[in-house]
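Using our numbering, the first residue of the sequence shown is number 2, and each one after it goes up by one. The beta-carbon is built from N, C-alpha and C at its ideal position, and this holds for glycine as well. Worksheet: one structure, shown below.
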Amino acid sequence: MYSDKTKTIQIEPLPEDLALQAIDVYHVYGLEHQNKVVALKGVSFDIKRSEILGIIGPSGSGKSTLLLSLGGMLKPSAGQIFYSDGTDITKLAEEKQFEYRRHNIGYVFQEQNLIPYLSAEKNIEMPMRLVNLNRSKRKQRVKELMEILGIWHRRTHSPKRISGGEQQRVSIARALANNPRLIFADEPTGNVDTETSTQILELFKELKEDMGTSYLICSHDPIVSDFSERTLEIRDGILIGEHLQDIDLTDLDSSRFLVIDNQNRITLPEKAISELRGSLLYTWTMTEDGLLLKPLRKLDESKESKIKNCTTCGADIPKGVYSCSRCGAKLTRVVR
Ligand SMILES: Nc1ncnc2c1ncn2[C@@H]1O[C@H](COP(=O)(O)OP(=O)(O)O)[C@@H](O)[C@H]1O
Ligand SMILES: [Mg+2]
2 MYSDKTKTIQ IEPLPEDLAL QAIDVYHVYG LEHQNKVVAL KGVSFDIKRS EILGIIGPSG
62 SGKSTLLLSL GGMLKPSAGQ IFYSDGTDIT KLAEEKQFEY RRHNIGYVFQ EQNLIPYLSA
122 EKNIEMPMRL VNLNRSKRKQ RVKELMEILG IWHRRTHSPK RISGGEQQRV SIARALANNP
182 RLIFADEPTG NVDTETSTQI LELFKELKED MGTSYLICSH DPIVSDFSER TLEIRDGILI
242 GEHLQDIDLT DLDSSRFLVI DNQNRITLPE KAISELRGSL LYTWTMTEDG LLLKPLRKLD
302 ESKESKIKNC TTCGADIPKG VYSCSRCGAK LTRVVR
């Protein structure tokens, strides 16, 4: 239960097996009078308890925005984000949000976000200071984490005096310091070699097994997708697919389950769209095997040839292709 000045809100915990539930989360960037970017367009999903959930998608698809929104660092334009105790983080006042985050969430940022004038060990200690953990416990935990991550010899160095990979490990140690139940990690293995990536993920797994910690990790690293129990696929701010284990990042079509999302949208794979050759209207029938889509009429091929260049980057586009192989932009299927 929590209250603001005007009302007291009774909150219900989520079902036992859930660590987080996001419902129809939108985020729009851009101030009034500016061009707006709708970075998240109604994203809904659950993170299970003790789950390592991955998230993949091209650059600019909304991964970082989603992680920041879930952690309460960005206020979503619309939607709800429930934590396991039933708290909707989007409804908390700012100072309550800080407090809630400190106790419940660990965050590994894409940019490490370390405090530049504090040593590595002081950076890691900071979240424990904020929850008033006593000094000896703080020191013990810092040592433990720094040793596991192989950065103990760097403890007195400031962030700018250590390498990118070491900064990343400091940032991971800081995220793990308070043993949070939920960890968001944005490209956590981006700056480190394969061996360190494996070490970091082993550490994540250990914490998951010991403490029931859940993870949402956005990454393009095959080591991370091998490690994830489930992977969500985001494109243009919409969740379009879900993958179980054994993903081949170079052939996502082979492992993708299509998602019909909370708003009844389904995004067909590029390959399917090419096969359908750009027709706009379909009839649908339920068959014994599932849904059958049939183009209402054949596309007028003389019109199709008019899509020649990507409107975003200008690359040549072969006939019958509806996304740009160079920049990934979707091409309009409406030919004028
Ligand atoms: N601070 C910002 N202001 C305006 N637009 C932004 C800002 N941050 C991100 N965007 C835009 O939002 C979209 C999603 O970005 P982001 O969440 O960073 O994607 P990803 O992490 O998948 O690369 C992109 O179109 C990006 O240009
Ligand atoms: Mg990003």
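Check: Can you tell me which of Glu210, Ile241 and Lys206 puts its alpha carbon nearest to the alpha carbon of Val225?; Outcome: Lys206
Check: When the Cα of Gly80 is compared with those of Ile125, Glu188, Gln22 and Glu13, which residue comes out closest?; Outcome: Gln22
Check: Jot down the residue ranges of each uninterrupted alpha helix (DSSP H) in the segment 170-248, minimum 4 residues, whole runs only, in chain order.; Outcome: 195-212 and 223-228
Check: Looking at Asn105: is its Cβ nearer than 8 Å to the Cβ of Leu15?; Outcome: no
Check: At the level of alpha carbons, what is the spacing between Ala1 and Lys64?; Outcome: With the chain covering only 2 through 337, there is no way to say anything about residue 1.
Check: Contact defined as beta carbons within less than 8 Å: I believe Ala94 pairs with Val171. What is the distance between those atoms, to the nearest angstrom?; Outcome: Ala94 to Val171, Cβ: 30 Å. No contact.
Check: May I ask which residues mark the beginning and end of the beta strand (DSSP E) holding Phe83?; Outcome: Ala79 to Tyr84
Check: Examine the Cβ distances between the segment 36-49 and the segment 228-238 and report whether three or more of them are shorter than 8 Å.; Outcome: yes
Check: Report the rounded CA-to-CA distance for Ile82 versus Gln168, giving the unit in angstroms.; Outcome: 30 Å
Check: Along the beta strand (DSSP E) that carries Met129, what are the first and last residues, could you check?; Outcome: Here Met129 belongs to no beta strand (DSSP E); instead the alpha helix (DSSP H) covers Ala121 to Leu131.
Check: At a cut-off of 7 Å, would you count Thr66 as near ligand 1, judging by its Cβ distance to the nearest heavy atom?; Outcome: yes
Check: At a cut-off of 7 Å, is Gln79 close to ligand 1 when judged by its beta-carbon and the heavy atoms of the ligand?; Outcome: Here residue 79 turns out to be Ala, not Gln, going by the sequence shown. Incorrect: Ala79 has no Cβ contact closer than 7 Å to ligand 1.
Check: For Asn36 and Val29, I'd like the C-alpha separation in whole angstroms.; Outcome: 10 Å
Check: In the structure shown, what three-state DSSP assignment does Met287 receive?; Outcome: strand
Check: Shorter than 7 Å, the distance from the beta carbon of Asp187 to the closest heavy atom of ligand 2, or not?; Outcome: yes
Check: Mark Met129 as exposed unless 16 or more other C-beta atoms lie within 10 angstroms of its C-beta, in which case mark it buried.; Outcome: buried
Check: Who pairs with Tyr27 in a beta bridge, going by DSSP?; Outcome: Lys42 and Ala79
Check: With 16 other CB atoms within 10 Å as the buried threshold, where does Pro319 fall?; Outcome: exposed
Check: Identify, in the order they occur along the chain, each residue of the same chain with its Cβ nearer than 6 Å to the Cβ of Ile116, setting aside the five sequence neighbours on each side.; Outcome: Asn124
Check: Taking the Cβ atom as the reference point for each residue, do Glu24 and Thr88 lie within a distance shorter than 8 Å?; Outcome: Here residue 24 is Ile; the residue named in the question, Glu, does not match the sequence. No; because the gap between Cβ atoms is not below 8 Å, this pair is not in contact.
Check: State yes or no: is the C-beta of Gly191 nearer than 7 Å to some heavy atom of ligand 1?; Outcome: no
Check: Taking only runs that begin and end inside the segment 49-78, name each unbroken alpha helix (DSSP H) of 4 or more residues, in chain order.; Outcome: 64-71
Check: In the DSSP assignment, the beta strand (DSSP E) including Ile318 goes from what residue to what residue?; Outcome: Segment: none, Ile318 is in no beta strand (DSSP E) and carries neither H nor E.
Check: Can Gln111 be considered in contact with ligand 2, in the sense that its beta carbon sits closer than 7 Å to one or more heavy atoms?; Outcome: yes
Check: Lys49 and Asp86 look like a contact to me (Cβ under 8 Å); what is the Cβ gap, rounded to whole Å?; Outcome: Not quite, the Cβ-Cβ distance comes to about 16 Å (not below 8 Å), so this is no contact.
Check: Which whole-angstrom value is the C-beta distance of Leu297 and Thr286, which I expect to be below 8 Å?; Outcome: Actually they are not in contact, since the Cβ atoms of Leu297 and Thr286 sit about 13 Å apart, beyond 8 Å.
Check: Can you tell me whether Pro296 is helix, strand or coil according to DSSP?; Outcome: strand
Check: Kindly examine ligand 1 and report whether one of its heavy atoms sits closer than 7 Å to the Cβ of Gly367.; Outcome: The chain is shown only over 2 to 337; residue 367 falls outside these bounds and no answer can be derived.
Check: With the cut-off set at 8 Å, would you say Val132 and Asn180 are in Cβ contact?; Outcome: no
Check: Check whether the Cβ atoms of Asp187 and Leu68 sit closer than 8 Å, and answer yes or no.; Outcome: yes
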